[in-house]
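Going by our numbering, 259 is the number at position 257 of the sequence shown; the sequence numbering is gapless.
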Amino acid sequence: MKRGFTLIELLVTMVIIFIVLAGAYIAFTNLLRGFKRESKSIETQVETSVGLELLRLDIEHAGYGIGEDQPDLPVEVSNVATSDTLYPNKEQLTIRSVMNNTNQSTVGWNLVDCSAGYTRIAGDDIPSGTNVVFLGAGNREYIADGTVGTCPGSGFYVAIPYDNTVTGGCITQYCNRISYVLSNSQNLSTCHPNTRNLLRAVGDGAGNPLLNCVADWRVRFDIDRNGDGSVDVYDGVFNSTTDTNDLDLDNDGLVTSQEVRSGLKKVNIYVLVQEGRIDPGFTFVNTVPCGTSPSGACVRTDTGAGSLDLNLPVDFQNYRWKVLKLFVKAMNL
Numbered sequence: 003m004k005r006g007f008t009l010i011e012l013l014v015t016m017v018i019i020f021i022v023l024a025g026a027y028i029a030f031t032n033l034l035r036g037f038k039r040e041s042k043s044i045e046t047q048v049e050t051s052v053g054l055e056l057l058r059l060d061i062e063h064a065g066y067g068i069g070e071d072q073p074d075l076p077v078e079v080s081n082v083a084t085s086d087t088l089y090p091n092k093e094q095l096t097i098r099s100v101m102n103n104t105n106q107s108t109v110g111w112n113l114v115d116c117s118a119g120y121t122r123i124a125g126d127d128i129p130s131g132t133n134v135v136f137l138g139a140g141n142r143e144y145i146a147d148g149t150v151g152t153c154p155g156s157g158f159y160v161a162i163p164y165d166n167t168v169t170g171g172c173i174t175q176y177c178n179r180i181s182y183v184l185s186n187s188q189n190l191s192t193c194h195p196n197t198r199n200l201l202r203a204v205g206d207g208a209g210n211p212l213l214n215c216v217a218d219w220r221v222r223f224d225i226d227r228n229g230d231g232s233v234d235v236y237d238g239v240f241n242s243t244t245d246t247n248d249l250d251l252d253n254d255g256l257v258t259s260q261e262v263r264s265g266l267k268k269v270n271i272y273v274l275v276q277e278g279r280i281d282p283g284f285t286f287v288n289t290v291p292c293g294t295s296p297s298g299a300c301v302r303t304d305t306g307a308g309s310l311d312l313n314l315p316v317d318f319q320n321y322r323w324k325v326l327k328l329f330v331k332a333m334n335l
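Structural data, given as structure tokens:
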């Protein structure tokens with residue numbers, strides 16, 4: 003006669019099975035949580051790489067196609083008042099260039115000989131009738147806005163295409179005004195609610211997100227103040243009312259296009275971003291106390307001039323934070 007299982011043996015077996023299943027479930031949930039965290043972190047890294055590359059291209063082409071005799075600032079930083087109740091005053095970076103790196107129709111150039119009709123002697127194949135800005139080939143001064151195939155005079159010119167459907171950002175000639183500023187709200191559920199998104203706007207457009215989950219950002223400049231070709235000021239500001247570490251080279255209270263062209267050596271960008279999702283099991287501790295931050299805490303990062311404190315939002319502790327740095331030489335000033 004075969005002996006069956008007793009009730010106690012069945013209960014013990016079931017308890018063992020439940021323990022094994024519980025352990026497997028805990029291991030699986032931890033693995034899944036780690037996968038989500040790492041996948042979001044990788045997604046953030048990819049998105050920031052793309053966004054920073056576009057920002058780098060815009061800065062490199064600041065002043066591209068703008069006559070050197072024009073008063074329009076190729077690069078400008080200003081504080082703008084917004085409807086954002088948390089951050090009513092925002093730092094805005096404005097770049098002026100005939101080229102818009104997200105619009106292929108503005109990419110290209112022609113060297114034109116107009117001594118005996120319109121003759122392209124170098125450059126790209128730009129269709130006849132395309133809107134272009136003409137600059138003097140020898141002095142890069144503004145000549146006229148015109149079209150491919152029609153000479154503005156009888157000399158040698160550089161012709162640079164533009165899209166006239168976008169509101170211009172220069173006083174006399176055409177150029178694009180490309181602005182970078184933080185959004186007024188946060189609509190992404192994966193971001194800390196008090197972070198913002200860095201928007202890139204062309205002309206009068208509302209702007210598209212370039213970097214998400216941004217807690218703070220700053221724009222600084224390496225500056226040659228005495229005209230000897232070497233940097234005298236590292237991580238200076240655009241225009242200061244309290245010191246001379248800025249681009250106001252003659253200290254008259256105003257920054258001119260010529261001061262930007264002669265004094266600006268490098269643009270330095272510092273962005274504090276959230277990396278990954280909220281993690282209740284993680285505590286961010288790499289902070290310093292600061293009075294400018296809503297949370298009373300900042301992230302300190304090294305710069306060419308020493309250090310810079312970037313503000314953290316309230317309830318930042320269960321998020322990972324990272325400082326992105328971008329150092330760009332404007333190639334067309």
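Backbone N, C-alpha and C fix where the C-beta goes; we use that ideal spot for every residue, glycine too.
- Within the same chain, and ignoring the five residues on either side of Thr50 in sequence, the residues whose Cβ sits closer than 7 Å to its Cβ are Leu213, Val275, Leu326.
- Apart from sequence neighbours up to five positions away, the residues of its chain that approach Pro90 with a beta-carbon distance below 8 Å are Ala83, Thr84, ordered along the chain.
- The beta carbons of Tyr144 and Gly69 sit closer together than 8 Å.
- For Glu78, the uninterrupted beta strand (DSSP E) run begins and ends at 77 to 83, by DSSP.
- The segment 159 to 215 contains, as complete beta strand (DSSP E) runs of 3+ residues, the segments 178 to 184, 198 to 204 (chain order).
- Segment contact: the segment 123 to 143 against the segment 225 to 232, fewer than three CB-CB distances shorter than 8 Å; contact not assigned.
- Contact check for Phe136 and Tyr164: beta-carbon distance about 11 Å, past the 8 Å limit, so the pair fails to qualify.
- Nearest in C-alpha terms to Cys215, of all of Asp224, Arg227, Ser191, is Ser191.
- With a beta-carbon spacing of about 18 Å, Tyr120 and Gly140 fall beyond the 8 Å limit used to define contacts.
- In the DSSP assignment, Gln260 falls outside any beta strand (DSSP E) and within the unbroken alpha helix (DSSP H) covering 259 to 265.
- Scanning Leu56, Asp86, Leu75 for the CA closest to the CA of Ser187 turns up Asp86.
- Secondary structure note for Gln94: its beta strand (DSSP E) is the uninterrupted segment 91 to 99.
- Taking a contact to require three or more Cβ pairs closer than 8 Å, the segment 298 to 310 and the segment 105 to 114 do not qualify as touching.
- Bounds of the beta strand (DSSP E) holding Asp115 are 112 to 115.
- Per the coordinates, the alpha-carbon of Val287 lies some 35 Å from the alpha-carbon of Ala203.
- Contact annotation: the segment 58 to 66 touches the segment 92 to 103, with at least three C-beta pairs closer than 8 Å.
- Residue Asp115 holds the alpha-carbon nearest to the alpha-carbon of Ser156 among Thr285, Asn320, Asp115.
- Ala332 counts as buried, since no fewer than 16 other beta carbons sit within 10 angstroms of its beta carbon.
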